[in-house]
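For the sequence shown, the positions run 5 to 517 when our numbering is used. Yeah, the Cβ is synthetic: ideal placement off N, Cα and C, and Gly gets one too. One structure is given here, and the rest of the page talks about it.
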Amino acid sequence: GKSKAKAAVALRDGLAKRAGDLAQPVTVKIEDRTATVQPQDVGLGVDVEATVTKASRRFPNPVKALFGKTDVQPVINVDEKRLVEALKPTADQVGKPATMPGITFDGITPKPVYPATGRGLDPGRTGDAIRASWLRKAEAVVPIVDIVPVSSAADVDRMLAELAQPAVAAPVTINTDKEVFTATPEQIAASLVINSDETGRLTPHVDETALRAGLKSDLDRVEVQPRNATVGDGQIIASSGGSLLDTAQLAIDLMPVLPRATDRTVYAAVKPVEPATSSSELASLGIKEEVSTFTTYFSGGLSSPRSHNIIQGANKVDGAIVKPGETFSLNGFTGPRGYAEGYQDAPIIMNGKLTPGVGGGMSQFTTTLFNAAYYAGLEDVEHHPHSIYFSSYPSVIESTIFYPNLDLKFRNTTPYGILIDTSYTEGSLTVSMWSTKVYDSVTTEWSAKRAWTEPETVKVPAGPGCIARAGGKGFTQDAWRVFRKDGQEVQREKFTWRYDAEPHVTCGTPSSH
Numbered sequence: 005g006k007s008k009a010k011a012a013v014a015l016r017d018g019l020a021k022r023a024g025d026l027a028q029p030v031t032v033k034i035e036d037r038t039a040t041v042q043p044q045d046v047g048l049g050v051d052v053e054a055t056v057t058k059a060s061r062r063f064p065n066p067v068k069a070l071f072g073k074t075d076v077q078p079v080i081n082v083d084e085k086r087l088v089e090a091l092k093p094t095a096d097q098v099g100k101p102a103t104m105p106g107i108t109f110d111g112i113t114p115k116p117v118y119p120a121t122g123r124g125l126d127p128g129r130t131g132d133a134i135r136a137s138w139l140r141k142a143e144a145v146v147p148i149v150d151i152v153p154v155s156s157a158a159d160v161d162r163m164l165a166e167l168a169q170p171a172v173a174a175p176v177t178i179n180t181d182k183e184v185f186t187a188t189p190e191q192i193a194a195s196l197v198i199n200s201d202e203t204g205r206l207t208p209h210v211d212e213t214a215l216r217a218g219l220k221s222d223l224d225r226v227e228v229q230p231r232n233a234t235v236g237d238g239q240i241i242a243s244s245g246g247s248l249l250d251t252a253q254l255a256i257d258l259m260p261v262l263p264r265a266t267d268r269t270v271y272a273a274v275k276p277v278e279p280a281t282s283s284s285e286l287a288s289l290g291i292k293e294e295v296s297t298f299t300t301y302f303s304g305g306l307s308s309p310r311s312h313n314i315i316q317g318a319n320k321v322d323g324a325i326v327k328p329g330e331t332f333s334l335n336g337f338t339g340p341r342g343y344a345e346g347y348q349d350a351p352i353i354m355n356g357k358l359t360p361g362v363g364g365g366m367s368q369f370t371t372t373l374f375n376a377a378y379y380a381g382l383e384d385v386e387h388h389p390h391s392i393y394f395s396s397y398p399s400v401i402e403s404t405i406f407y408p409n410l411d412l413k414f415r416n417t418t419p420y421g422i423l424i425d426t427s428y429t430e431g432s433l434t435v436s437m438w439s440t441k442v443y444d445s446v447t448t449e450w451s452a453k454r455a456w457t458e459p460e461t462v463k464v465p466a467g468p469g470c471i472a473r474a475g476g477k478g479f480t481q482d483a484w485r486v487f488r489k490d491g492q493e494v495q496r497e498k499f500t501w502r503y504d505a506e507p508h509v510t511c512g513t514p515s516s517h
């Protein structure tokens, strides 16, 4: 009881005093190669509760057990999957990836992929090595072992004959309460996934997203899309219900049908679906009026990669609701912003210089969203101004973003819900917050710019990786967010930022390789 609680407090205090040491990178030796991992990236830490419980089972006084002369080893947590992923680039230099079994489709022709033993990291043994060395600040020696897929070549041949080939031999009839349609062999091949789990065990399934995409024209005839309550043209747009075919269940129900030569029929239910956000929910949250709005501008129309990325982010966030007390995370809401998610290469800042990178332009959406939250009076939890100044953004009160390390977060500290409304034109992006007004106004007062620094000139080899820039001076500046209510100033919040000088970049002779 009390002794365990005291031990937990004492252990946490002890860990807090070593926080700097415990946050240092861990050195890992993999044969003749060396890698480092950041503890926070792989979930490496002491499990306080489990350690105290372990000590209390062996000794009547866990405080003395933990901090006396007794030998109680702390319980250490590590996410073995993330750990192996972090070490994979180094392990691949000395090992050889296993070929995991599966079956792919070339059109409607199944193609077997046979397993092959590889050399790599075993998650359990890798985790054990890290746990054993971390607190001792010792180098972790991680072994490379044989990675043998669970499913064999014979298993692949069996699945080829019993599932893959009959699956695409004929269409499947899908009965609904509204009409009957078919899944063609081509649609089946596009949605039937036959691959392996991380152990190399074959795990066939029908991918619901691919199935829904393949059946889109049929679904359009039987489905009515629900409409969320939202805002548009300065007013609340009411919600309405819909009805959707249950493709998640259909994907499951198709699996026992696909191996059959006959009786290839399945029933799919069309179910009523409520909107994710109803009109009554908006009303109950007090979402009734625009409380802030902010607009930034861009060039190049909507067709440039940078504009494409801005609009991609805006469409993703449009209509999001932040309830009272909730913290909105832009990274958490959008997830990764890579090629697979539809983002394109556009300029980003790397090492103080502009260079092409996937998702470039998202910082403009981030800045616009940050300012809308800022002028709505919401609490700034996390934002990161750019390292160099862009005149298209308000100085100090602007933000970049970089998944997953740099995020934009704000907390709804009002008693009302917040609805985020995004819109755009050929040359502008607007983010508005809808709620119930809490403040008469939220404004900004800036100090004069000071502590100027001069840019350096940098010559970069000509090519797609070089973006010439005139450069600009660096400076430091303050901004005060001023809250007014009932005619009085009720709060003043200071933000300070130092911008680096932007290098003057010239593109020289192309580098030779």
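- Looking at the DSSP output, Val-274 bridges to Leu-249.
- In this structure, the alpha-carbon of Ala-344 lies about 32 Å from that of Tyr-271.
- In the DSSP assignment, Asp-384 forms a beta bridge with Phe-414.
- Glu-383 and Met-163 have their C-alpha atoms some 56 Å from each other.
- If you draw a straight line from the Cα of Thr-372 to the Cα of Leu-433, it is about 8 Å long.
- Contact check for Gly-49 and Asn-81: beta-carbon distance about 6 Å, within the 8 Å limit, so the pair qualifies.
- If you draw a straight line from the Cα of Ser-195 to the Cα of Leu-262, it is about 12 Å long.
- Classified as exposed, Glu-183 has fewer than 16 neighbouring CB atoms from the shown chains inside 10 Å of its CB.
- The three-state secondary structure of Gln-495, taken from DSSP, is strand.
- Taking Asp-201 as the centre and dropping the five residues before and after it, the same chain places the C-beta of Thr-207 closer than 7 Å to its C-beta, in chain order.
- For the region 93-147, the full-length beta strand (DSSP E) segments reaching 3 residues or more read 106-110, 113-117 and 122-124 along the chain.
- In terms of Cβ geometry, Arg-37 and Thr-94 form a close pair [threshold 8 Å].
- Ranked by how close their Cα comes to the Cα of Leu-412, the residues Ser-296, Val-13 and Phe-332 have Phe-332 in first place.
- Distance from the CA of Ala-165 to the CA of Ala-174, rounded to the nearest whole angstrom, comes to 15 Å.
- Contact between Leu-423 and Val-235 holds: their C-beta atoms lie close to 6 Å from each other, under 8 Å.
- If you look at Asn-199, you'll find it in the beta strand (DSSP E) that goes 196-200.
- By the CB criterion at 8 Å, Lys-477 and Thr-510 fall outside the cutoff.
- By the Cβ neighbour-count rule, Gly-421 is buried, with 16 or more other Cβ atoms within 10 Å of its own.
- When secondary structure is reduced to three states using DSSP, Ala-158 falls in the helix class.
- In the three-state scheme derived from DSSP, where H, G and I count as helix and E and B as strand, Ile-392 is classed as strand.
- Annotation: Lys-182 is outside any alpha helix (DSSP H) and is labelled neither H nor E by DSSP.
- Around the beta carbon of Thr-338, 16 or more other beta carbons sit within 10 angstroms, so the residue counts as buried.
- In the pairwise beta carbon analysis, the region 400-408 is classified as not touching the region 238-256: fewer than three pairs are separated by under 8 Å.
- Rounded to the nearest angstrom, the gap between the Cα atoms of Gly-24 and Val-152 is 40 Å.
- Residue environment analysis places Pro-465 among the exposed positions, since fewer than 16 neighbouring C-beta atoms fall within 10 angstroms of its C-beta.
- The residue among Gly-47, Pro-116 and Glu-449 with its C-alpha nearest the C-alpha of Arg-485 is Glu-449.
- Closest option to Lys-275, judged by alpha-carbon separation, among Leu-248, Thr-177, Thr-186 and Ser-296: Leu-248.
- Straight across, the Cα-Cα distance linking Gly-246 with Asp-444 is about 39 Å.
- In chain order, Asn-416 place their CB closer than 7 Å to the CB of Gly-329, counting only its own chain and leaving out the 5 sequence neighbours on each side.
- For Ile-424, no alpha helix (DSSP H) run applies; the uninterrupted beta strand (DSSP E) run containing it begins and ends at 422-428, by DSSP.
- Rounded to the nearest angstrom, the gap between the Cα atoms of Thr-188 and Phe-369 is 42 Å.
- Note on geometry: alpha-carbon atoms of Trp-456 and Ala-483 lie some 17 Å from one another.
- Annotation: the region 265-315 contains the following complete segments of the beta strand (DSSP E) (minimum length 3 residues), in chain order: 269-271, 274-277 and 293-301.
- If the five residues before and after Arg-135 are omitted, its C-beta is found closer than 8 Å to the C-beta atoms of Ile-80 and Val-82, all from its own chain and listed in chain order.
- The Cβ-Cβ distance between Val-41 and Val-30 falls below 8 Å.
- One thing to note: Gly-365 has its Cβ within 8 Å of the Cβ of Arg-310.
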